[in-house]
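For reference, the structure discussed in these notes is given below.
Residue numbers (my numbering): 6 to 165.
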């Protein structure tokens with residue numbers, strides 16, 4: 006198949022991803038949270054993980070993780086505490102206030118996702134999610150080496 010008449014998959018994915026991320030950012034801002042902070046909280050709920058482990062899980066760099074954790078600590082949503090299994094490591098612990106805001110954030114997230122998927126005919130919803138999941142876990146799971154790669158964006162929706 007040539008490029009004429011070919012669906013511009015990259016542009017479709019980019020535009021839909023950007024629109025979804027913008028809507029989620031706006032909705033989470035209503036409760037004083039960012040999509041990235043939501044993912045960090047979700048990554049630390051009920052499991053002992055270090056900042057590095059959470060950063061890897063949600064695809065953000067270490068500097069961004071530190072800045073996000075600083076904000077979460079300042080808000081009283083999370084704390085860095087010594088690991089029970091490795092005295093040298095510090096893990097992220099979600100506070101009770103953090104659990105409350107994470108639950109509100111999850112509700113908003115689900116509301117937005119349901120609204121977005123609800124805009125599709127019912128028989129297309131599962132296929133879209135299933136197909137994208139297969140691509141991300143299969144063919145697109147390995148990033149190709151590139152001299153000047155595009156800026157890596159956080160997978161803020163990865164946990165939820």
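All residues carry an ideal CB built from backbone N, CA and C; glycine is no exception. The structure presented is a predicted model; accordingly, all values stated were derived computationally and were not measured.
In this structure, DSSP gives residue 107 a helical state, which the three-state scheme calls helix. A distance below 8 angstroms separates the beta carbons of residue 97 and residue 59.
Bounds of the alpha helix (DSSP H) holding residue 24 are 14-34. Taking a 10 Å sphere around the C-beta of residue 151, we find fewer than 16 other C-beta atoms and assign the residue as exposed. With 16 or more other Cβ atoms inside 10 Å of its own Cβ, residue 103 counts as buried.
DSSP links residue 83 through a beta bridge to 99. Secondary structure of residue 147 (DSSP, three-state): coil.
Closest in alpha carbon position to residue 44, among 62, 94, 27, 51, is 62. Straight-line measurement puts the Cα of residue 15 at about 28 angstroms from the Cα of residue 68. For residue 53, there is no enclosing alpha helix (DSSP H), as DSSP gives it neither H nor E. 8 angstroms or more divides the Cβ of residue 83 from the Cβ of residue 110. The C-alpha of residue 149 is placed about 13 angstroms away from the C-alpha of residue 143.
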